[in-house]
Amino acid sequence: MYSQTKIAIPIFQNDYKNVIEVANDCIKKGADVLEFRIDALENPNIREIKQTIEEINFPIIATNRIITEGGFFKGTEEERFNILYECCDLVDYVDIELQSNDEYINKIHDTGVTTIISYHDFEKTPKLSEITYIVEKEQELGDIAKVAFMPQNLDDTLTILAVLSHCKDTIAISMGELGSYTRIMASKFDSPITFAAGSDVTAPGQIDIETMKALLNMNLNIMDE
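Okay, so the sequence shown: first residue is 170 according to our numbering, each after it adds one.
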């Protein structure tokens, strides 16, 4: 049995040269997709960003994360949107937060790029009904829903598995060490993407790519027997 879940590795570097070097290393390690964290760049310039994407020449998620959801972009919301919009014809996915202006989300979605509408909470995990509501709103606006929450206990991580079980086209993550196993279990529920770490760890609980691939292969082999 072959998992349809793609392994994405975030690239979180502050200059373009390092972005390309880390990207090449992640590709060699077996990433299926790279997440280009544009908000990590010290001086984000759309011309250089597009040149970097073209040079990497690999499936990419363009992400320009806002500060309120763990990002570092310091410009205006309009500037943040414009950078993502300009990347649409060069990347496979664009991640834009649910709390973004609906007009911005719609403009990106209308380009035809696959949109990941995301929501992050680094403090807690809401009830299943609340998460389901968030996922439904995300899916109304885009192609793939993404939610990531911090667990306080094991039950919180099981809530995330329930989301994966009931919601199609959804990336659901329980962060931190307690929830790290949900990143592996995502493949059992045909989640479109799960996130692993290459050189950069961009969220608590990310598993390195080598371990992730080994665990996924081990689980898949067991299921084949």
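Cβ atoms here follow ideal geometry from the backbone N, Cα and C, with glycine treated the same way.
Check: Roughly how many angstroms lie between the CA atoms of residue 276 and residue 267, to the nearest whole one?; Outcome: 14 angstroms
Check: In the DSSP output, which residue or residues are listed as bridge partners for residue 215?; Outcome: Residue 215 is not bridged to any residue.
Check: My output table needs one value for residue 234: the three-state DSSP class, helix, strand or coil.; Outcome: coil
Check: Measure the Cβ-Cβ separation of residue 236 and residue 262 and say whether it is below 8 angstroms.; Outcome: no
Check: Considering only their Cβ atoms, is the gap separating residue 340 from residue 356 smaller than 8 angstroms?; Outcome: no
Check: Restricting to Cα atoms, I'd like to know which of 338, 336 and 321 is closest to residue 346.; Outcome: 321
Check: If you draw a straight line from the C-alpha of residue 150 to the C-alpha of residue 384, how long is it?; Outcome: One cannot answer for residue 150 here, as it falls past the ends of the chain, which runs 170 to 394.
Check: Among residues of its own chain, excluding the 5 on either side of residue 177, which ones have a beta-carbon nearer than 8 angstroms to its beta-carbon?; Outcome: 200, 201, 202, 203, 204, 230, 362, 363, 364 and 365
Check: Express the C-alpha separation of residue 198 and residue 188 in angstroms, rounding to a whole number.; Outcome: 15 angstroms
Check: Run through DSSP, which three-state label would residue 126 get?; Outcome: Nothing about residue 126 can be reported from this structure: the residues present for the chain run from 170 to 394 only.
Check: Report the residue from 217, 265 and 248 whose alpha carbon sits nearest the alpha carbon of residue 239.; Outcome: 265
Check: Go through its chain and collect everything with a Cβ distance to residue 334's Cβ below 7 angstroms, but skip five positions before and after it.; Outcome: 358
Check: Helix, strand or coil, according to DSSP, for residue 284 in the structure here?; Outcome: strand
Check: Closest to residue 228 by CA distance: which of 192, 244 and 215 is it?; Outcome: 192
Check: To the nearest whole angstrom, what separates the beta carbons of residue 283 and residue 319, a pair I think is in contact under 8 angstroms?; Outcome: Not really, about 27 angstroms apart at Cβ, beyond 8 angstroms.
Check: Report back the beta-carbon spacing between residue 222 and residue 195 to the nearest angstrom; my notes put them in contact at under 8 angstroms.; Outcome: Rounded, the Cβ-Cβ distance is 14 angstroms, inconsistent with contact.
Check: With DSSP as the reference, identify every bridge partner of residue 309, one or two as the case may be.; Outcome: None, per the DSSP bridge assignment.
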